[in-house]
Amino acid sequence: MNYNHKDIEAKWQKYWSENQTFKTENHSEKPKFYVLDMFPYPSGAGLHVGHPLGYIASDIFARYKRHKGFNVLHPQGYDSFGLPAEQYAIQTGQHPEKTTRENIARYREQLDKIGFSFDWSREVRTSNADYYKWTQWIFIQLFHSWYNNTTNKAEDIQTLVQHFEKFGTENLNAAQTEELHFTAEQWKSYSEEEKQNILLNYRLAFRAETTVNWCPALGTVLANDEVVNGVSERGGYPVFQKKMTQWSMRITAYSERLLQGLETVDWSESVKESQRNWIGKSKGASIKFKVLSSKFQDIEPETSSVEHITVFTTRPDTIFGVTYLTLAPEHELVLQITTEAQKQAVLDYIEATSKRSERDRMADTKTISGVFTGAYAEHPITKRPVPIWIGDYVLAGYGTGAVMAVPTGDERDYAFAKHFAGAEGMPEIINIFDKDISENAFTEKGGFKLQNSDFLNGMDYEEATEKILEELEKTGVGKAKINYRQRDAIFSRQRYWGEPVPVYYKNGMPYTLPLSALPLELPEVEKYLPTEDGDPPLGNAKEYAWNEAEEKIVSTDLIDNQTVFPLELSTMPGWAGSSWYWLRYMDAHNEKEFASQESLNYWQNVDLYIGGSEHATGHLLYSRFWNKFLKDRGFIQVEEPFQKMINQGMILGTSAFVYRLEGTNTFVSKGQIGDKKVQAIHADVSLVNTSSELDIEGFKQWRPDFADAEFILDENGKYIVGHEVEKMSKSKYNVVNPDDICEQYGADTLRLYEMFLGPLEQAKPWNTAGITGVSGFLKKFYNLYFDGDAVSISDEEPTKEEYKILHTLIKKVEYDIENFSFNTSVSAFMIAVNELQKIKCNKRAILEPMAVLISPYAPHIAEELWEVLGHNESISRVLFPTFEEKYLVESTKEYPVSFNGKVRFKIELPLDMPNEEVEKIILADERTQAQLGGNPPKKIIVVKGKIVNVVV
54 MNYNHKDIEA KWQKYWSENQ TFKTENHSEK PKFYVLDMFP YPSGAGLHVG
104 HPLGYIASDI FARYKRHKGF NVLHPQGYDS FGLPAEQYAI QTGQHPEKTT
154 RENIARYREQ LDKIGFSFDW SREVRTSNAD YYKWTQWIFI QLFHSWYNNT
204 TNKAEDIQTL VQHFEKFGTE NLNAAQTEEL HFTAEQWKSY SEEEKQNILL
254 NYRLAFRAET TVNWCPALGT VLANDEVVNG VSERGGYPVF QKKMTQWSMR
304 ITAYSERLLQ GLETVDWSES VKESQRNWIG KSKGASIKFK VLSSKFQDIE
354 PETSSVEHIT VFTTRPDTIF GVTYLTLAPE HELVLQITTE AQKQAVLDYI
404 EATSKRSERD RMADTKTISG VFTGAYAEHP ITKRPVPIWI GDYVLAGYGT
454 GAVMAVPTGD ERDYAFAKHF AGAEGMPEII NIFDKDISEN AFTEKGGFKL
504 QNSDFLNGMD YEEATEKILE ELEKTGVGKA KINYRQRDAI FSRQRYWGEP
554 VPVYYKNGMP YTLPLSALPL ELPEVEKYLP TEDGDPPLGN AKEYAWNEAE
604 EKIVSTDLID NQTVFPLELS TMPGWAGSSW YWLRYMDAHN EKEFASQESL
654 NYWQNVDLYI GGSEHATGHL LYSRFWNKFL KDRGFIQVEE PFQKMINQGM
704 ILGTSAFVYR LEGTNTFVSK GQIGDKKVQA IHADVSLVNT SSELDIEGFK
754 QWRPDFADAE FILDENGKYI VGHEVEKMSK SKYNVVNPDD ICEQYGADTL
804 RLYEMFLGPL EQAKPWNTAG ITGVSGFLKK FYNLYFDGDA VSISDEEPTK
854 EEYKILHTLI KKVEYDIENF SFNTSVSAFM IAVNELQKIK CNKRAILEPM
904 AVLISPYAPH IAEELWEVLG HNESISRVLF PTFEEKYLVE STKEYPVSFN
954 GKVRFKIELP LDMPNEEVEK IILADERTQA QLGGNPPKKI IVVKGKIVNV
1004 VV
């Protein structure tokens, strides 16, 4: 029978859609299982064959769990806010909503062609107002919450106000931006504006001055992962470090819980370690270095009020080795302490550093640069003056943005001191270890005894640390401290295409809109660029002000700061909507709450999450943070959002290269290059056949600059290209469109082939030529059910051999799916089909379970064959075949029969036959008689189930 994948796949995709086959109910007597894919961003380029890899794996598991009797939630939606759509809008004038809608339609069409079992009735889009209404609602909850370190959870801000009214800041243990001190009486005397300003110091969503990645060309702040080598990832525009007042999320309050929670989830160790490193827990000490006012003779009088610089160190025991202090160039005190003589050098250095991203500065361990401020601090123990430098190897956001430099104990401090040795403000290095300065001093934490360290002399790391902490706390200049590298997450972007922040400003202070006013919808603007005054694009909106009395949006012309107030003009970052989307899927169309308690209690959290490891320190941390916050406030019941996570590897593309002679438009076939100087250029893989031969005419038409190209061909008159396996990308012209594969070979073939390429979590190259084998296998599988063009199914009892083939496969497929070893399952299917084909098996008792077994992998062909077998219902919820060990237990054994150790023949005998019977049968066999030549054997040795040895 001809296997027509086009007709079969179109038929069943239509059936699933019309019958809502995969629609999931929130209440079922079946056990629940929640399978989730990482939220896709719908780019204009659509999907290439690398994108569906994780979706296919999750779909196999979701379908398998349905076969296992679970109520499976397997939803899909779109992370549809973001910078790419906005940039396209700026370039073309099209509204981002229009291009986003078109891109989503394209994605949906492609996803449907691959046959995913998504519950599309729960689709969400972060850019839809009915979704971001609840993102705004969560923001408001965060704004009206603080983190109580005593109870170790977030609480309503009103409980903090009550504490202030009764005790001021006495006995307050809260996550805060800076340490404040006031009494209850002082709190009561503060104005409304002063109180609101103080509360911002504690809110989980707050405004503060922060160093950000500012891109003037894009007019917005960029996240670290949007900056590459000092320029924007999108557009390649220069990016500068700049201090701005921005909305932030106090994720640092959750640092310890984010660390501890990693012990409770089933994730790869590499992702867990990425998060641990990002959070960066360190134990050490906070130490104050008094700024010496006597060194400030050239500084303006009003700046001389700087009292001290606080550093955080993990090695307080090395305090006697402090040679200088280094401040981050962005440190708030730098310009206040810099002397007049050093001011220009410091300003120039700050300007130069602003052009480097923090990521670049952290990664660069070779470049040494810095400037002396001219200022000094007092050593807290010895009281000697310590020079203060600035250097870009210190980051403002880590610790306090200042370090005490101990060159004998830290490699970067040592390199810095050696580089500036002899310069003004760089004293001699103080050696505090009991051996000469060497590379070993930088790699051994506490292996040396201290010297030149006063009362710490002769102590090791642990003794000295304990002793110095006692001294620092006794004198009030320091204390033990746990520090985290993780910083509060910047939450505002100066963009248009994002969630509006539901805040208005009264007397300079932020106030949230009432919940009844949500959603605060994104207004229409004439252009998507910043205003002439430098405000974000929302500053161009004409109807975007808040009438507090009437609680409605009104014209910006009505702003009087009495009853009508300005709204926040920044929007939320791209990660806002993706930090809680799995919860919305539980109850996607609820208009009264983000999800009902009933649905939240039923689904709890995600059982299996599949996505890329590149989100380890972004999306996954933010999601865990928001989830923990919502649990703290009683909205959900589960601490961790994603119980098990699998990171799929990357499907790599095979790029094609042509070789152009330098300075010409002549291209040399690969084998003809020799010692010629050539430039390798990517060519579109669609112009290359399976023999690596370039379509020369197509190449000339591909790009105008190649229209008059000339070619040096090989001896066969062909142009042969070179190949290289690398990331699949439009820029490398090595993208393979899944639509083309589905058209030519079918979606089931695509699904099986992507799994067959190799282990799910590893990177593997795509090779379209290899897909024909999988396509041929499906045709073989299909034809098991037919004799010619007629259906041929027998109701006879299968043989033991047939049962063995089936149950070997059941055991293998079940194990592989449970262990995400999908590639080996595909091989097992091929082996089983070949064996069944050889014995011409057409037994219903074998072929029915075979259809169910392959259904998670190749659902279209499985549905078709289930119908061929005479069933009317979808195969998707038919119970998975039960493995029975008895069919794999051998009842007979083919014994090798040897004579004096040499095997002469084999004979099949029952395994439970007594040894005496085996001996009789062996002796009676004519082959034995031929070997014995009429003589009796000396001995017959029977090793049950293994071998018979006749000793002559």
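This note's numbering puts the first residue of the sequence shown at 54, with every later residue one more than the last. Think of the CB as a built atom: it goes at the ideal place given N, C-alpha and C, for glycine as much as any other residue.
Which residues in the same chain have their Cβ closer than 6 Å to the Cβ of Ala885, if we skip the five residues on either side of it in sequence?
-> Walking along the sequence shown from the start, residue 885 turns up at place 832. Correct list, in chain order: Ile858, Leu862.
Just to confirm, are Val607 and Asn600 a CB contact at a threshold of 8 Å?
-> In the sequence shown, counting from the first residue as 1, residue 607 sits at position 554. In the sequence shown, counting from the first residue as 1, residue 600 sits at position 547. At the C-beta level, Val607 and Asn600 come within 8 Å of one another.
Report the rounded CA-to-CA distance for Ala63 versus Glu139, giving the unit in angstroms.
-> The residue labelled residue 63 in the question sits at position 10 within the sequence shown. The residue labelled residue 139 in the question sits at position 86 within the sequence shown. The alpha-carbon separation between Ala63 and Glu139 amounts to approximately 35 Å.
Using the C-alpha atoms, what's the distance from Lys151 back to Lys463?
-> Numbered from 1 along the sequence shown, position 410 holds the residue referred to as residue 463. Numbered from 1 along the sequence shown, position 98 holds the residue referred to as residue 151. The sequence shown places Asp at residue 463, rather than the Lys named in the question. Whole-angstrom Cα-Cα distance: 55 Å.
Would you grab the beta carbon distance between Asn277 and Gln294 for me? Rounded to a whole angstrom, and I think it's under 8 Å.
-> Numbered from its first residue, the sequence shown carries residue 277 at position 224. Numbered from its first residue, the sequence shown carries residue 294 at position 241. The distance from the Cβ of Asn277 to that of Gln294 is about 11 Å, inconsistent with a contact at the 8 Å cut-off.
Put Gly333 into one of helix, strand or coil per three-state DSSP.
-> Sequence index remark: in the sequence shown, residue 333 carries index 280 (1-based). Here Gly333 sits in coil by DSSP.
Would you check if there are 3 or more beta carbon pairs closer than 8 Å linking the region 697 to 709 to the region 757 to 767?
-> No: the two stretches stay apart, fewer than three of their Cβ pairs being nearer than 8 Å.
Look at the alpha carbon of Tyr838 and the alpha carbon of Val866, and state the distance between them as a whole number of angstroms.
-> Position 785 of the sequence shown, counted from the first residue, corresponds to residue 838. Position 813 of the sequence shown, counted from the first residue, corresponds to residue 866. About 21 Å.
Between Tyr655 and Leu89, is the Cβ-Cβ spacing less than 8 Å?
-> Locating residue 655 in the sequence shown gives position 602, counting from the first residue. Locating residue 89 in the sequence shown gives position 36, counting from the first residue. No; because the gap between Cβ atoms is not below 8 Å, this pair is not in contact.
Indicate the three-state DSSP secondary structure (helix, strand or coil) for Trp550 in the structure shown.
-> As a first step, residue 550 must be located in the sequence shown, where it is residue number 497. It is coil, neither helix nor strand.
Whole-Å CB distance - Phe365 paired with Gly423, under 8 Å assumed | Locating residue 365 in the sequence shown gives position 312, counting from the first residue. Locating residue 423 in the sequence shown gives position 370, counting from the first residue. So it is not a contact: roughly 19 Å between Cβ atoms.
Residues near Arg116 in its chain [Cβ-Cβ closer than 7 Å; skip 5 each side] | Here residue 116 refers to the residue found at position 63 when the sequence shown is read from its first residue. Cβ-Cβ distances below 7 Å link Arg116 to Ser170, Ser908, Pro909, Pro912, Ser929 in the same chain, with the five nearest sequence neighbours on each side left out; the list follows chain order.
Which value, in whole angstroms, describes the spacing of the CA atoms of Gly288 and Asp319?
-> Within the sequence shown, numbered from 1, the residue matching residue 288 stands at position 235. Within the sequence shown, numbered from 1, the residue matching residue 319 stands at position 266. Going by the C-alpha atoms only, they are around 38 Å apart.
DSSP beta-bridge partners of Thr268 = Taking the sequence shown and counting its residues from 1, one reaches residue 268 at position 215. A small fix is needed here, since residue 268 is Cys in this sequence, not Thr. Cys268 pairs with Thr273.
Cut-off 7 Å between Cβ atoms - residues of its own chain near Tyr307, not counting five sequence neighbours on either side = As a working note, residue 307 is residue 254 in the sequence shown. Excluding residues within five positions, the ones whose Cβ falls inside 7 Å are Phe678, Lys681.
Reference Phe544, options Glu238, Leu195, Phe764, closest by Cα | Stepping through the sequence shown from its first residue, residue 544 is reached at position 491. Out of Glu238, Leu195, Phe764, Leu195 has the C-alpha closest to the C-alpha of Phe544.
Contained alpha helix (DSSP H) runs [length at least 4] in the region 216 to 263, N- to C-terminal order = You should have 237 to 242, 245 to 253.
Does the Cβ-Cβ distance between Val554 and Thr453 come in under 8 Å?
-> What you label residue 554 is simply residue 501 of the sequence shown in a count that begins at 1. What you label residue 453 is simply residue 400 of the sequence shown in a count that begins at 1. No, the pair does not count as a contact, with Cβ atoms beyond the cut-off.
Sequence ranges, beta strand (DSSP E) only - wholly within the region 721 to 751, length at least 3 = Those beta strand (DSSP E) runs which fall completely within the region 721 to 751 and span 3+ residues are 731 to 736.
For Asn224, count neighbouring Cβ atoms within 10 angstroms of its own Cβ and tell me buried if that reaches 16, exposed if not.
-> For the purposes of this step, residue 224 is taken as residue 171 along the sequence shown, with counting starting at 1. A residue is called buried when at least 16 other Cβ atoms come within 10 angstroms of its Cβ; Asn224 does not meet this threshold and is exposed.
Name the two residues that bound the continuous alpha helix (DSSP H) containing Pro967.
-> Residue 967 sits at position 914 when you count from the first residue of the sequence shown. Unbroken run through Pro967: none, as it is neither H nor E.
Where do the ends of the alpha helix (DSSP H) carrying Arg637 lie?
-> Residue 637 sits at position 584 when you count from the first residue of the sequence shown. In this chain, the alpha helix (DSSP H) harbouring Arg637 covers 634 to 637.
Nearest CA to the CA of Leu525: which residue from Arg637, Asn254, Asp370?
-> The residue you call residue 525 lines up with position 472 of the sequence shown. Nearest in C-alpha terms to Leu525, of all of Arg637, Asn254, Asp370, is Asp370.
Leu964, buried or exposed, once every other Cβ within 10 Å from all chains shown has been counted against 16 = The count along the sequence shown starts at 1 and reaches residue 964 at position 911. Under a 10 Å Cβ-count criterion, Leu964 is classified as exposed, with fewer than 16 other Cβ atoms of the shown protein chains found around its own Cβ.
Contained alpha helix (DSSP H) runs [length at least 4] in the region 837 to 901, N- to C-terminal order = Here the runs fully enclosed are 853 to 871, 875 to 891.
With DSSP collapsed to three states, give me the class of Val1003.
-> Here residue 1003 refers to the residue found at position 950 when the sequence shown is read from its first residue. Look at Val1003 here: in three-state DSSP terms it is strand.
Of the listed residues Glu383, Gly687, Lys85, Arg303, nearest to Asn202 (C-alpha basis) | Taking the first residue of the sequence shown as position 1, residue 202 is located at position 149. Of the candidates Glu383, Gly687, Lys85, Arg303, Arg303 places its Cα closest to the Cα of Asn202.
Using the rule of at least 16 other Cβ atoms within 10 Å of the residue's Cβ for burial, across every protein chain shown, is Arg256 buried or exposed?
-> Here residue 256 corresponds to residue number 203 of the sequence shown, with the count starting at 1. Around the Cβ of Arg256, a 10 Å sphere holds 16 or more other Cβ atoms; the residue is buried.
Could you have a look at Lys59 and say whether DSSP puts it in helix, strand or coil?
-> Locating residue 59 in the sequence shown gives position 6, counting from the first residue. Here Lys59 carries a helix assignment [DSSP, helix/strand/coil].
Can you tell me whether DSSP reads Pro149 as helix, strand or coil?
-> Numbered from its first residue, the sequence shown carries residue 149 at position 96. In this structure, Pro149 counts as helix in the three-state DSSP scheme.
Considering only residues of the same chain and omitting the five flanking positions on each side of Glu901, which have a CB-CB separation below 7 Å?
-> Taking the first residue of the sequence shown as 1, we reach residue 901 at position 848. Leu922, listed in sequence order.
Counted within 10 angstroms of its Cβ, other Cβ atoms place Gln539 as buried (16 or more) or exposed = Here residue 539 refers to the residue found at position 486 when the sequence shown is read from its first residue. Flag for Gln539 reads buried.
Terminal residues of the continuous beta strand (DSSP E) containing Ser708?
-> The residue you call residue 708 lines up with position 655 of the sequence shown. Ser708: member of the beta strand (DSSP E) spanning 704 to 714, first to last residue.
Could you spell out the range, first to last residue, of the alpha helix (DSSP H) harbouring Tyr806?
-> For this step, residue 806 is matched to residue 753 along the sequence shown. From DSSP, the alpha helix (DSSP H) with Tyr806 extends over 800 to 809.
What is the C-beta distance between Val731 and Glu715, in whole angstroms, given that I count them as a contact (C-beta under 8 Å)?
-> Position 678 of the sequence shown holds residue 731. Position 662 of the sequence shown holds residue 715. That pair is a contact at about 7 Å.
Below 8 Å on the Cβ atoms is my guess for Phe86 versus Phe123; work out the distance and round it to an integer in Å.
-> Taking the sequence shown and counting its residues from 1, the one referred to as residue 86 is at position 33. Taking the sequence shown and counting its residues from 1, the one referred to as residue 123 is at position 70. 4 Å between Cβ atoms; contact.
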